[in-house]
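Below is the structure:
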């Protein structure tokens, strides 16, 4: 890294953190104004508001907009350099376009690695704190799945619960059936099933077990503890619970749901591929931003920023279209996550070809 490299690197990183810091302050001010009534009504302390909600909110917000603000930052300071004829002077001194791109790529790679760590490991930990606060003082995230809940806990085992009380960890009118080659082999019915949060077991009350194969007979009982492949979260919904899962936990959850034969993993697969694709977007958009704004134009910085904002909105639209198509089953989650990057990589190649050399 030469002095010129460090000069561009510092401008990139400095512009990015300055821009994202200003936006974070603005967003927090508006969020406080929106939620202050809930804080006061539910008696949230200042310490809880600051350390349990807004402090964990900062890395979440940075990672949410990191690829957009890296792009805008690159366009802002590069077009400013071009307007001051710095880019022309650098290229005229014998520095090639590809050599000039080096400090941009170093900074983009640093931000991409940071984004990968934030999105897949740090934010899921901090989000647990933030979501606990939100669930306690703003809005309830865990909700009952309603009545007549059906769940598949393995490829051949099905569970039915008439309703489930989230606070008491208790389900009512419980039934579990096991099949072998589509033939019913075992069935248990109970008035109540309660989850032991300490031992991870289920207590079944007032039950009747019906054994069908190899020999048919009934067993009745008042109460017994048992371990079954049923999680309390199979019986109620937690809004966007994938926010609390790191990459490994998210992948394990998807595999667990697929092992059960469940078909409600599409949202989680889209989230996983989105987390993997977002850091790559930082590098792609950095190249596009540099190639678009390194030419000195009559429109100055305003023209470059206008082009950059247009590309930014186009990228967001592509992300949303891909997600909608994936949710409807018209596109695989992997393709949905990576398609915007693939399309904008093609645009990047075009802008690099047209950039002044």
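Residue numbers (my numbering): 808 to 1164.
Positions of the beta carbon are idealized from the N, C-alpha and C atoms, including for glycine.
In angstroms, rounded to a whole number, what distance separates the CA positions of residue 802 and residue 988?
What is shown of the chain runs 808 to 1164, which leaves residue 802 out entirely.
Taking only the alpha-carbon atoms, compute the straight-line gap between residue 1148 and residue 1087 and give it to the nearest angstrom.
For this step, residue 1148 is matched to residue 341 along the chain shown. For this step, residue 1087 is matched to residue 280 along the chain shown. Those two C-alpha atoms are separated by around 7 angstroms.
Quick one: give me the first and last residue of the alpha helix (DSSP H) that residue 1080 is part of.
As a position in the chain shown, residue 1080 is number 273, starting the count at 1. 1073-1100 is the extent of the alpha helix (DSSP H) around residue 1080.
Roughly how many angstroms separate the alpha carbons of residue 898 and residue 922, rounded to a whole number?
As a working note, residue 898 is residue 91 in the chain shown. As a working note, residue 922 is residue 115 in the chain shown. Going by the C-alpha atoms only, they are around 31 angstroms apart.
Suppose you measure from the CA of residue 1129 to the CA of residue 1138; what does that come to, to the nearest Å?
Within the chain shown, numbered from 1, the residue matching residue 1129 stands at position 322. Within the chain shown, numbered from 1, the residue matching residue 1138 stands at position 331. Cα-Cα distance, rounded: 8 angstroms.
Would you kindly check if the distance between the Cβ of residue 1144 and the Cβ of residue 1089 is under 8 angstroms?
The residue labelled residue 1089 in the question sits at position 282 within the chain shown. The residue labelled residue 1144 in the question sits at position 337 within the chain shown. Cβ distance not < 8 angstroms, so residue 1089 and residue 1144 don't count as in contact.
Leaving out five residues before and five after residue 960 in sequence, what residues of the same chain have Cβ atoms less than 6 angstroms from its Cβ?
Against the chain shown, residue 960 aligns to sequence position 153. Taken in chain order, the residues that qualify are 966, 1036, 1037 and 1067.
Beta-carbon separation of residue 1008 and residue 997 under 8 angstroms?
By 1-based counting over the chain shown, the position of residue 1008 is 201. By 1-based counting over the chain shown, the position of residue 997 is 190. For residue 1008 and residue 997, no; Cβs fall outside 8 angstroms.
Quick one: grab the DSSP three-state call for residue 997.
Working through the chain shown from its first residue, we reach residue 997 at position 190. Strand, per DSSP.
Answer yes or no: do residue 1021 and residue 925 have a C-beta to C-beta separation smaller than 8 angstroms?
In the chain shown, residue 1021 corresponds to position 214, counting from 1. In the chain shown, residue 925 corresponds to position 118, counting from 1. No. Outside cutoff.
Could you pull the start and end residues of the alpha helix (DSSP H) that residue 1141 belongs to?
Your numbering for residue 1141 matches position 334 in the chain shown. Taken as a continuous stretch (DSSP letters only), the alpha helix (DSSP H) holding residue 1141 covers 1140-1161.
Should the stretch 907-922 be called in touch with the stretch 869-881, which here means at least 3 C-beta pairs below 8 angstroms?
Result yes; three or more Cβ-Cβ pairs closer than 8 angstroms.
Opposite residue 1009 in the DSSP bridges: which residues?
For the purposes of this step, residue 1009 is identified with residue 202 of the chain shown, where counting begins at 1. Residue 1009 is bridged to 1002 and 1033.
What do you reckon, are the CB atoms on residue 981 and residue 1000 nearer than 8 angstroms?
Taking the chain shown and counting its residues from 1, one reaches residue 981 at position 174. Taking the chain shown and counting its residues from 1, one reaches residue 1000 at position 193. Yes, they are a contact pair.
Taking Cβ to Cβ, would you say residue 1114 is nearer than 8 angstroms to residue 1155?
Position 307 of the chain shown, counted from the start, is the residue given in the question as residue 1114. Position 348 of the chain shown, counted from the start, is the residue given in the question as residue 1155. Their beta carbons are not under 8 angstroms apart, which means residue 1114 does not touch residue 1155 by this criterion.
Rounded to whole angstroms, what's the CA-CA distance from residue 993 to residue 964? Just pull it up for me.
In the chain shown, the residue the question calls residue 993 occupies position 186. In the chain shown, the residue the question calls residue 964 occupies position 157. Their Cα atoms are separated by approximately 9 angstroms.
Identify whether residue 818 lies in helix, strand or coil by the three-state DSSP scheme.
Here the question's residue 818 lines up with position 11 in the chain shown. The answer is helix: DSSP assigns residue 818 an H, G or I state.
Are the beta-carbon atoms belonging to residue 1044 and residue 931 less than 8 angstroms from one another?
Sequence index remark: in the chain shown, residue 1044 carries index 237 (1-based). Sequence index remark: in the chain shown, residue 931 carries index 124 (1-based). In this structure, residue 931 does not lie closer than 8 angstroms to residue 1044 by Cβ.
Give the range of the alpha helix (DSSP H) segment to which residue 984 is assigned.
Residue mapping note: residue 984 aligns to position 177 of the chain shown, counting from 1. No alpha helix (DSSP H) holds residue 984; the beta strand (DSSP E) holding it covers 977-987.
Across the stretch 852-866 and the stretch 936-946, are there enough close Cβ pairs to call them in contact, namely three or more that are closer than 8 angstroms?
Touching, yes, given that three or more Cβ pairs across the two stretches are closer than 8 angstroms.
Ends of the alpha helix (DSSP H) at residue 944?
Position 137 of the chain shown, counted from the start, is the residue given in the question as residue 944. Residues 930-944.
Looking only at its chain, what residues have a beta carbon closer than 6 angstroms to the beta carbon of residue 815, apart from the 5 residues adjacent to it on each side?
Residue numbering aside, residue 815 sits at position 8 when the chain shown is read from its first letter. Hits under 6 angstroms: 910.
Going straight from the alpha carbon of residue 1030 to that of residue 970, what length do you get?
As a working mapping, residue 1030 is identified with position 223 in the chain shown. As a working mapping, residue 970 is identified with position 163 in the chain shown. When rounded, the distance between both Cα atoms is 19 angstroms.
Report the rounded CA-to-CA distance for residue 1119 versus residue 1158, giving the unit in angstroms.
Residue numbering aside, residue 1119 sits at position 312 when the chain shown is read from its first letter. Residue numbering aside, residue 1158 sits at position 351 when the chain shown is read from its first letter. Each residue's alpha carbon lies about 15 angstroms from the other.
Assuming residue 1049 and residue 1042 form a contact by the criterion Cβ under 8 angstroms, report the distance between their Cβ atoms to the nearest whole angstrom.
Numbered from its first residue, the chain shown carries residue 1049 at position 242. Numbered from its first residue, the chain shown carries residue 1042 at position 235. The pair is not a contact, with the Cβ atoms about 18 angstroms apart (cut-off 8 angstroms).
Got a sec, what are the start and stop residues for the beta strand (DSSP E) residue 956 sits in?
Within the chain shown, residue 956 is the residue found at index 149, counting from 1. Its beta strand (DSSP E) spans residues 954-961.
Taking Cβ to Cβ, would you say residue 810 is nearer than 8 angstroms to residue 884?
For the purposes of this step, residue 810 is identified with residue 3 of the chain shown, where counting begins at 1. For the purposes of this step, residue 884 is identified with residue 77 of the chain shown, where counting begins at 1. Not closer than 8 angstroms, so no.
Using 8 angstroms as the threshold, is the C-beta distance between residue 1075 and residue 1061 below it?
For the purposes of this step, residue 1075 is identified with residue 268 of the chain shown, where counting begins at 1. For the purposes of this step, residue 1061 is identified with residue 254 of the chain shown, where counting begins at 1. Yes.
My understanding is that residue 1134 touches residue 1073, with C-beta atoms under 8 angstroms, so please give their C-beta distance in whole angstroms.
Locating residue 1134 in the chain shown gives position 327, where the first residue counts as 1. Locating residue 1073 in the chain shown gives position 266, where the first residue counts as 1. So it is a contact: roughly 6 angstroms between Cβ atoms.
Roughly how many angstroms separate the alpha carbons of residue 825 and residue 1117, rounded to a whole number?
In the chain shown, residue 825 corresponds to position 18, counting from 1. In the chain shown, residue 1117 corresponds to position 310, counting from 1. Distance between the alpha carbons of residue 825 and residue 1117: 22 angstroms.
Verify whether the separation of the beta carbon atoms of residue 827 and residue 872 is less than 8 angstroms.
What you label residue 827 is simply residue 20 of the chain shown in a count that begins at 1. What you label residue 872 is simply residue 65 of the chain shown in a count that begins at 1. Yes, these two residues count as a Cβ contact at 8 angstroms.
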